[in-house]
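Visitor: Input: one structure, supplied below.
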Amino acid sequence: MPTARLNAVTRAAPYHYLVEILPETTPINPSPWYGFRVTAEKKQDLRIDFHYPGFQHRYDPKLGASNGTWRQATSAEFTPANDGQPASLQVEVGPESLLVFAQPPHSPKNFEDWIDSIEATFPIKRSVVGRSVQGRALHLFEFGGGDNSPLLIIVGRMHPPESTGSGALFGFVETLVADTPQARAFREQVRTVVVPLVNPDGLAEGHWRTNIRGKDLNRDWGPFTEPETQAVARALLERSEGEGRTVAFALDFHSTFRDVLYTVTEDPARVSGGALSRWVAAMRVHTPELEERPSAAAGGSPVFKNWAYCRFGAPAVTYEVGDTTPRAVLVALSRHAAVSLMEILAEDAGRASTASVPTPACMAAAPDDD
545 MPTARLNAVT RAAPYHYLVE ILPETTPINP SPWYGFRVTA EKKQDLRIDF
595 HYPGFQHRYD PKLGASNGTW RQATSAEFTP ANDGQPASLQ VEVGPESLLV
645 FAQPPHSPKN FEDWIDSIEA TFPIKRSVVG RSVQGRALHL FEFGGGDNSP
695 LLIIVGRMHP PESTGSGALF GFVETLVADT PQARAFREQV RTVVVPLVNP
745 DGLAEGHWRT NIRGKDLNRD WGPFTEPETQ AVARALLERS EGEGRTVAFA
795 LDFHSTFRDV LYTVTEDPAR VSGGALSRWV AAMRVHTPEL EERPSAAAGG
845 SPVFKNWAYC RFGAPAVTYE VGDTTPRAVL VALSRHAAVS LMEILAEDAG
895 RASTASVPTP ACMAAAPDDD
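See below:
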């Protein structure tokens with residue numbers, strides 16, 4: 545099955561199975577991603593125990609029916625790991641397939657279909673900016689703005705399991721392309737560039753974290769050892785520095801244990817009145833408990849956020865969505881985030897640029913030409 549992961553199945557007793565889920569490499573972030581299909585000749589109750597040697601359970605099961613609907617396993621069906629006992633799922637199965645996944649899965653084709661759906665109703669410029677290690681297309685699309693308009697950069701899905709982050713990215717971008725007075729006015733002033741899926745191989749192979757060569761792509765913005773980060777970085781540089789545009793803002797969508805915004809400590813846009821400060825404040829009007837966690841870009845981890853800030857001098861944010869944040873909640877917040885950022889960037893585009901200026905010590909390298 546595409547995007548699935550299941551390494552071994554052992555029959556412990558009649559109607560009782562143990563499934564083992566292993567990472568693609570170690571050491572690795574503890575994101576035990578799994579996915580499999582269950583059927584039986586006739587209806588019966590089945591127990592499935594989850595084993596992650598060396599790791600803890602993270603994602604409670606989501607159950608998918610043949611009609612495409614998904615639901616969270618109920619507390620009566622799923623028992624979390626406790627006192628040395630593994631996490632366990634007890635469900636009724638039968639001839640109709642039951643999908644059991646860590647999160648409702650996306651495939652690379654789902655991302656292409658999503659871009660198709662936008663293109664069907666809205667004019668975008670679409671490009672394949674490179675290929676993954678296994679040869680999958682890296683899709684970029686862009687819209688809005690004029691010859692000298694600043695850029696809003698949006699990237700996502702560097703880490704395969706992070707479905708809720710993609711859900712937020714979808715909601716955010718759909719708000720930018722909406723047929724509303726605010727969105728139309730925003731698109732006249734700002735050009736938006738979107739790369740929704742940076743790691744198609746990892747997604748297709750059911751990886752926990754990395755691309756097909758075992759590299760965490762959100763630790764490769766500086767080393768640029770991988771074709772995926774090389775291609776995306778070049779495309780962004782061509783559309784910014786190559787076209788003489790400034791970057792107004794950069795967002796990288798992810799998932800983690802809770803909703804949180806990772807920002808850059810030294811970014812002047814975090815001070816009162818700055819674009820980032822205003823945006824975080826607007827987000828907290830909708831979600832007062834939303835956390836902001838700044839960290840230094842200079843000398844920091846080679847994540848996209850730090851590279852974007854250092855290279856472009858723009859406010860750059862890792863937009864993290866909780867693993868268990870309900871879809872309706874994450875979509876509502878992402879749409880509010882988009883509305884708020886459109887207002888702020890449109891205001892700033894109408895006056896002299898207030899973009900941050902990177903210090904020489906923070907300047908990030910571009911990928912080599914070879």
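Each residue of the sequence shown is one higher than the one before, starting from 545 at the first, in my numbering. The beta-carbon is built from N, C-alpha and C at its ideal position, and this holds for glycine as well. Since the model is a prediction, treat every value here as computed from it, not as a measurement.
1. Across the region 682–692 and the region 758–766, are there enough close Cβ pairs to call them in contact, namely three or more that are closer than 8 Å?
2. If I'm right that W765 touches T773 with Cβ under 8 Å, what's the distance once you round it to whole angstroms?
3. Given a threshold of 16 other Cβ atoms within 10 Å of its Cβ, counted over all protein chains shown, does P904 qualify as buried or as exposed?
4. Among T623, L607, V873, which has the Cα closest to the Cα of Q918?
5. If you count every other CB in all the chains shown that lies within 10 Å of the CB of P744, and 16 or more means buried, which is it?
6. Using the rule of at least 16 other Cβ atoms within 10 Å of the residue's Cβ for burial, across every protein chain shown, is D593 buried or exposed?
7. Kindly indicate which three-state DSSP category L642 falls into: helix, strand or coil?
8. Is there contact here, the region 784–802 with the region 699–715, by at least three beta-carbon pairs under 8 Å?
9. Looking at the structure shown, is A664 part of a helix, part of a strand, or coil, going by DSSP?
10. Does the beta-carbon distance from P740 to F768 come in below 9 Å?
11. Run through the region 834–892 for me and flag every whole beta strand (DSSP E) of 3 or more residues, listed as ranges in chain order.
12. What is the C-beta distance between V873 and T862, in whole angstroms, given that I count them as a contact (C-beta under 8 Å)?
13. Determine the extent of the alpha helix (DSSP H) in which E782 is found, giving its start and end residues.
14. List in chain order: all unbroken alpha helix (DSSP H) runs of 4+ residues lying wholly within the region 685–739.
15. For the alpha helix (DSSP H) holding D745, just list the boundary residues, first then last.
16. Where does the unbroken beta strand (DSSP E) through L820 begin, and where does it stop?
17. According to DSSP, is G786 helix, strand or coil?
18. Per DSSP, D593 is paired with what?
19. When we look at the beta-carbon of E568 and count the other beta-carbons within 10 Å, is it buried (16 or more) or exposed?
20. From G817, I697, I662, A881, pick the residue whose C-alpha is nearest to that of L780; which is it?
21. If you follow the beta strand (DSSP E) that Y806 is part of, which residue opens it and which one closes it?
22. Among E864, L885, T869, which one has its Cα closest to the Cα of H703?
23. Can you find at least 3 beta carbon pairs, one from the region 559–566 and one from the region 576–588, that sit closer than 8 Å?
24. Do the region 882–898 and the region 835–842 make contact, defined as three or more Cβ pairs closer than 8 Å?
25. Beta carbon of W614, beta carbon of P576: below 9 Å?
26. So the beta strand (DSSP E) G579 belongs to, where does it begin and stop?
Guide: Let's see:
1. Touching, no.
2. Right, their Cβ atoms sit about 6 Å apart.
3. Note that P904 has pLDDT 41, beneath the 50 cutoff, so the model's placement of it is unreliable and no number is given.
4. Here the chain covers residues 545 to 914 and nothing more, so residue 918 does not appear.
5. It is buried - the Cβ of P744 has at least 16 other Cβ atoms within 10 Å.
6. Buried, because 16 or more other Cβ atoms sit within 10 Å of the Cβ of D593.
7. Shown here, L642 sits in a strand according to DSSP, grouped into three states.
8. Touching, yes, given that three or more Cβ pairs across the two stretches are closer than 8 Å.
9. A664 carries a coil assignment under DSSP once its states are collapsed to helix, strand and coil.
10. Taking C-beta atoms as the reference points, P740 and F768 fail to come closer than 9 Å.
11. Within the region 834–892, the complete beta strand (DSSP E) runs of at least 3 residues are 835–839, 860–866.
12. Actually they are not in contact, since the Cβ atoms of V873 and T862 sit about 19 Å apart, beyond 8 Å.
13. Secondary structure note for E782: its alpha helix (DSSP H) is the uninterrupted segment 771–783.
14. Runs of the alpha helix (DSSP H) spanning 4 or more residues and lying entirely within the region 685–739 occur at 707–720, 725–733, in chain order.
15. Residues 744–748.
16. If you look at L820, you'll find it isn't in any beta strand (DSSP E); it sits in the alpha helix (DSSP H) that goes 819–830.
17. It is helical.
18. In the DSSP assignment, D593 forms a beta bridge with L562, S632.
19. Buried.
20. It is I697.
21. Start and end: 804–808.
22. Minimum Cα distance to H703 is reached at E864.
23. Enough Cβ pairs lie closer than 8 Å, so yes.
24. As far as the Cβ criterion goes, the region 882–898 does not touch the region 835–842, which means the pair count is below three.
25. Going by C-beta atoms, W614 is not nearer than 9 Å to P576.
26. 579–582 is the extent of the beta strand (DSSP E) around G579.
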